[in-house]
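Protein chains in written order, with this note's numbering: chain A, 3 to 308; chain B, 3 to 308.
Think of the CB as a built atom: it goes at the ideal place given N, C-alpha and C, for glycine as much as any other residue.
2 protein chains.
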Amino acid sequence: MIGEFELIKKLTSILGENTIGDDTAYIKIGETGLNITCDAFLEDVHFLRHYPPEAIGFKAISINVSDVVANGGKPLYGLISLMIPEDIDERFIERIYEGVKSACDFYKLRIVGGNVSRASKLGIDVFLIGEIDRFVSRAGANVGDDVVVSGTLGDSYAGFRLLTTKKDYEDYELRLIERHLRPTARIDYINHIRKYASASMDISDGLSSDLWHLAERSNVVIEIDLNKIPISRELKLYALKENLSLYDIALSGGEDYQLLFCQKKEHFNPFLDNTVIGRVIEKGKALVLVNGKELERTGFDHFKKR
Amino acid sequence: MIGEFELIKKLTSILGENTIGDDTAYIKIGETGLNITCDAFLEDVHFLRHYPPEAIGFKAISINVSDVVANGGKPLYGLISLMIPEDIDERFIERIYEGVKSACDFYKLRIVGGNVSRASKLGIDVFLIGEIDRFVSRAGANVGDDVVVSGTLGDSYAGFRLLTTKKDYEDYELRLIERHLRPTARIDYINHIRKYASASMDISDGLSSDLWHLAERSNVVIEIDLNKIPISRELKLYALKENLSLYDIALSGGEDYQLLFCQKKEHFNPFLDNTVIGRVIEKGKALVLVNGKELERTGFDHFKKR
Chain A
3 MIGEFELIKK LTSILGENTI GDDTAYIKIG ETGLNITCDA FLEDVHFLRH YPPEAIGFKA
63 ISINVSDVVA NGGKPLYGLI SLMIPEDIDE RFIERIYEGV KSACDFYKLR IVGGNVSRAS
123 KLGIDVFLIG EIDRFVSRAG ANVGDDVVVS GTLGDSYAGF RLLTTKKDYE DYELRLIERH
183 LRPTARIDYI NHIRKYASAS MDISDGLSSD LWHLAERSNV VIEIDLNKIP ISRELKLYAL
243 KENLSLYDIA LSGGEDYQLL FCQKKEHFNP FLDNTVIGRV IEKGKALVLV NGKELERTGF
303 DHFKKR
Chain B
3 MIGEFELIKK LTSILGENTI GDDTAYIKIG ETGLNITCDA FLEDVHFLRH YPPEAIGFKA
63 ISINVSDVVA NGGKPLYGLI SLMIPEDIDE RFIERIYEGV KSACDFYKLR IVGGNVSRAS
123 KLGIDVFLIG EIDRFVSRAG ANVGDDVVVS GTLGDSYAGF RLLTTKKDYE DYELRLIERH
183 LRPTARIDYI NHIRKYASAS MDISDGLSSD LWHLAERSNV VIEIDLNKIP ISRELKLYAL
243 KENLSLYDIA LSGGEDYQLL FCQKKEHFNP FLDNTVIGRV IEKGKALVLV NGKELERTGF
303 DHFKKR
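Structure (structure tokens):
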């Protein structure tokens, strides 16, 4: 089987579309600009059955909010396709919806409909609509732009490893697990992105893959300073204890749902937890450099074995 | 486990919403009225792996178009969540998308994005957005209204039985199978529904269930004349040959994706293939009568065994 991204390209061409390639799709209906997205959240692919059901519901919403926000949209309404296996009890489903409800309250959006089906595995497929006045795609990066990320990277992957390898946790480990189970999409960045970003996406596959995605769509050369990548205190403790490379985790971890965007240097916002990690140095070809060498893509592809 | 409809009611109340209960959800963003829907189409639940993949793609779109049309919307844009098992080859997926593309051309809508995931079974979850100036819900039926259906009923169920019980088909049998595999949503009814219908929905679970759904949401008593239910020539041949009750099939078959709507008698449209099958005779309680007796609900519920 070919990789996920080649398959998407092929299917897009069958549909005769060229709009696919951003976190959301931009459409205009009447005078209203909208961005829409869907992301399936599936048992044994994206989560495990023994996770807290409230976290499953919360995260299913967060990953979609993150996409809407990444392009500068404000998420407003959603639908849910729920796939329910026979061996799940009703209370489990209700608890998933309690997580969905917390997420809706937190992000100030409404789930206005959906459908339920029998299925062999549990799945929750969320569809979101945002209102958007300027759609910020992955394609607009300019030479001289700063390359910026929100928050810290790698925490979610460390949390996932902790969840699947041990049982008793220290405090900092619990915080890493929390970042895997209940990531918070960066709605606090919406205004900044829509006003100032030249290109933007969320970091879901892992920073290294996502830097390449942005470089390819903008057709630019990005140079990254490894030492600038923001790492949490908790991840530092974890990497030290487990004797892991901090930068491997931060570059290829994935599922952090932080934002990756480009902007003019003068638009740096000191009121956000953002970090300049590099710069766009050339236009006309796609390349990501780190310390002068080509950065390896190590992020997630659904159809390739890691 | 409780039934599908009770579960939906429970989950809706957790979300604090009361908008769920129609084929689509109505939202307004800026000055634009929209109706949105999603319906998952899953292997071994809604289709079998040996069906023609083009038909799987076409039907996944049709069932969603049918929902948008049922409320008087014009479908414009969609997204697809595709769930792909490891044992499926790329060409099969491409052929599904060729079916999706035919449907998009036929219905004049565009699939502008989506996502693909690994999954244990094949699934295609479609989200559609329609533009709508008047949202026609299931709730507006008035005393004296005619109760109308489009097309003919029961064909899809007969087609499904044929598909799963024999291999060599006569011409009329092939036409029934075609109606199961590639149902056509009634986009030719959009203008009529949005102008004249007082209540409307599509017939996906089976006429008897769907009459009850409409009666309950409108809180009305509907009286149906069994002899008026439109039956195709092909279904008559099939029922005769198989010694089956025509009306059992037409009442409980499901998946016809015809429309069920109410309207004032004077709005009957002689240019559409529609049939008046009954009348709204009372408001204030929910009941469906056939030949003076309460009609049994025999349609589809995902969580109850038939």
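Given that A:N117 touches chain E, what residues does it touch there, using C-beta distances under 7 Å?
The question asks about chain E, but that chain is absent: this structure's protein chains are A and B.
Below 8 Å on the Cβ atoms is my guess for A:V282 versus A:I224; work out the distance and round it to an integer in Å.
Numbered from 1 along the first sequence, position 280 holds the residue referred to as residue 282 of chain A. Numbered from 1 along the first sequence, position 222 holds the residue referred to as residue 224 of chain A. For A:V282 against A:I224, the beta-carbon gap comes to about 6 Å, under 8 Å, which counts as contact.
To the nearest angstrom, report how far apart A:N293 and A:E244 are at their CA atoms.
Taking the first residue of the first sequence as 1, we reach residue 293 of chain A at position 291. Taking the first residue of the first sequence as 1, we reach residue 244 of chain A at position 242. Rounded to whole angstroms, A:N293 and A:E244 show a C-alpha spacing of 26 Å.
Which one or two residues does DSSP pair with B:I205 in a beta bridge?
For the purposes of this step, residue 205 of chain B is identified with residue 203 of the second sequence, where counting begins at 1. Answer is B:Q260, bridged to B:I205.
Can you confirm whether B:E268, when its beta carbon is compared against all beta carbons of chain A, has any partner nearer than 9 Å?
Along the second sequence, one-based indexing puts residue 268 of chain B at 266. Closer than 9 Å: no.
Output the boundary residues of the beta strand (DSSP E) element that contains B:Y28.
Residue mapping note: residue 28 of chain B aligns to position 26 of the second sequence, counting from 1. B:Y28 -> beta strand (DSSP E) spans A27 to I31.
In the structure shown, what three-state DSSP assignment does B:G132 receive?
Position 130 of the second sequence, counted from the first residue, corresponds to residue 132 of chain B. Reduced to three states, the DSSP call for B:G132 is strand.
Partners in chain A for B:M203, counting only beta-carbon separations shorter than 8 Å
Residue numbering aside, residue 203 of chain B sits at position 201 when the second sequence is read from its first letter. Correct list: empty, because the minimum Cβ distance to chain A is about 14 Å.
Any residues in the segment 126–142 of chain B with a beta carbon nearer than 8 Å to a beta carbon of chain A? Which ones, in chain order?
If the cut-off is 8 Å between Cβ atoms, the segment 126–142 of chain B has D127, F129, I131 and E133 near chain A.
B:D190 in three-state terms, based on DSSP
In the second sequence, residue 190 of chain B corresponds to position 188, counting from 1. Of the three classes helix, strand and coil, the one that applies to B:D190 here is helix, per DSSP.
Can you name, in chain order, every residue of its own chain whose Cβ lies under 7 Å from the Cβ of B:I189, other than the five neighbours on each side?
For the purposes of this step, residue 189 of chain B is taken as residue 187 along the second sequence, with counting starting at 1. For B:I189, where only same-chain residues beyond five positions count, the Cβ hits under 7 Å are V67, V71 and Y109.
Please report the distance separating the alpha-carbon of A:L36 from that of B:E172.
Looking up residue 36 of chain A in the first sequence gives position 34. Looking up residue 172 of chain B in the second sequence gives position 170. Their Cα atoms are separated by approximately 49 Å.
Extract the residue ranges of the alpha helix (DSSP H) inside the segment 43–130 of chain B, only unbroken runs of 4 or more that lie entirely within it.
55–72 and 92–109
Going by DSSP, which residues form a beta bridge with A:D41?
Numbered from its first residue, the first sequence carries residue 41 of chain A at position 39. BP columns for A:D41 point to A:V128.
According to the neighbour-count rule (16 or more other Cβ atoms, all chains shown, within 10 Å of its Cβ), is A:P87 buried or exposed?
Sequence index remark: in the first sequence, residue 87 of chain A carries index 85 (1-based). Exposed, since its Cβ has fewer than 16 Cβ neighbours within 10 Å.
Does chain A have any CB closer than 9 Å to the CB of B:G255?
Reading the second sequence from its first residue, position 253 is the one you call residue 255 of chain B. B:G255 does not count as touching chain A.
Answer with yes or no whether the minimum CB distance from B:L50 to chain A is below 9 Å.
For this step, residue 50 of chain B is matched to residue 48 along the second sequence. Not closer than 9 Å to any Cβ of chain A, the Cβ of B:L50 fails to qualify, so no.
Please give the ranges of any beta strand (DSSP E) in the segment 204–288 of chain A, keeping only runs that are unbroken, at least 3 residues long and fully inside the region.
You should have 222–226, 260–265 and 276–285.
Could you confirm whether any beta carbon from chain A is found closer than 9 Å to the beta carbon of B:D207?
If you number the second sequence from 1, residue 207 of chain B lands on position 205. No, because no Cβ of chain A sits closer than 9 Å to the Cβ of B:D207.
Name the DSSP beta bridge partners of B:D148, please?
For the purposes of this step, residue 148 of chain B is identified with residue 146 of the second sequence, where counting begins at 1. For B:D148, which the question treats as bridged, DSSP gives the partners B:Q265 and B:R281.
Under three-state DSSP, which class holds A:T34?
For the purposes of this step, residue 34 of chain A is identified with residue 32 of the first sequence, where counting begins at 1. A:T34: strand per DSSP, three-state reduction.
Rounded to whole angstroms, what is the Cα-Cα separation between B:S234 and B:G156?
Indexing the second sequence from 1 puts residue 234 of chain B at position 232. Indexing the second sequence from 1 puts residue 156 of chain B at position 154. One Cα belongs to B:S234, the other to B:G156, and the distance between them is close to 8 Å.
Sorted by chain position, which residues of the same chain lie with C-beta nearer than 8 Å to B:P185's C-beta, five sequence neighbours on each side aside?
Taking the second sequence and counting its residues from 1, one reaches residue 185 of chain B at position 183. Excluding sequence neighbours, B:P185 sits near K61, S64, I65, S68, S158, E257, D258 and Y259.
What is the residue span of the alpha helix (DSSP H) that A:K11 lies within?
If you number the first sequence from 1, residue 11 of chain A lands on position 9. E6 to L17 is the extent of the alpha helix (DSSP H) around A:K11.
Among B:D148, B:E6 and B:E133, the one whose alpha carbon lies nearest that of A:V118
Within the first sequence, residue 118 of chain A is the residue found at index 116, counting from 1. The shortest C-alpha separation from A:V118 is found at B:E6.
Which residues share a DSSP beta bridge with A:E296?
By one-based count along the first sequence, residue 296 of chain A stands at place 294. Answer is A:L291, bridged to A:E296.
Please confirm whether A:L253 and A:A143 have their CB atoms less than 9 Å apart.
Your numbering for residue 253 of chain A matches position 251 in the first sequence. Your numbering for residue 143 of chain A matches position 141 in the first sequence. The criterion of a C-beta distance shorter than 9 Å is not satisfied by A:L253 and A:A143.
So that I know if they touch, is there some Cβ in chain B lying closer than 9 Å to that of A:D2?
Outside the modelled stretch of chain A, which goes from 3 to 308, sits residue 2 of chain A, for which no answer is possible.
Take the Cβ of A:I4 as the centre, count every other Cβ of all protein chains shown within 10 Å, and call the residue buried at 16 or more, exposed below.
Within the first sequence, residue 4 of chain A is the residue found at index 2, counting from 1. Exposed: under 16 other Cβ atoms inside 10 Å.
Would you tell me roughly how many angstroms separate the C-alpha atoms of A:D107 and A:D204, rounded to the nearest one?
What you label residue 107 of chain A is simply residue 105 of the first sequence in a count that begins at 1. What you label residue 204 of chain A is simply residue 202 of the first sequence in a count that begins at 1. Roughly 22 Å separates the two Cα atoms.
From A:E180 to A:T154, what does the alpha carbon distance come to, in whole angstroms?
If you number the first sequence from 1, residue 180 of chain A lands on position 178. If you number the first sequence from 1, residue 154 of chain A lands on position 152. Between A:E180 and A:T154, the C-alpha separation is close to 14 Å.
7 Å Cβ cut-off: residues of chain B touching A:V67
Taking the first sequence and counting its residues from 1, the one referred to as residue 67 of chain A is at position 65. In chain order: nothing, as chain B lies at least about 15 Å away.
Taking the CB atoms as reference points, tell me whether A:D41 and A:R219 lie closer together than 9 Å.
One-based indexing of the first sequence puts residue 41 of chain A at position 39. One-based indexing of the first sequence puts residue 219 of chain A at position 217. Taking 9 Å as the Cβ cut-off, A:D41 and A:R219 do not qualify as a contacting pair.
Out of B:I251, B:I231, B:K267 and B:P272, which has the shortest C-alpha to C-alpha gap to B:I279?
Mapped onto the second sequence, residue 279 of chain B falls at position 277. Checking every option, the nearest Cα to that of B:I279 belongs to B:I231.
Indicate whether at least one CB of chain B lies closer than 9 Å to the CB of A:V58.
As a working mapping, residue 58 of chain A is identified with position 56 in the first sequence. The sequence shown places Ile at residue 58 of chain A, not Val. By this cut-off, A:I58 is not an interface position.
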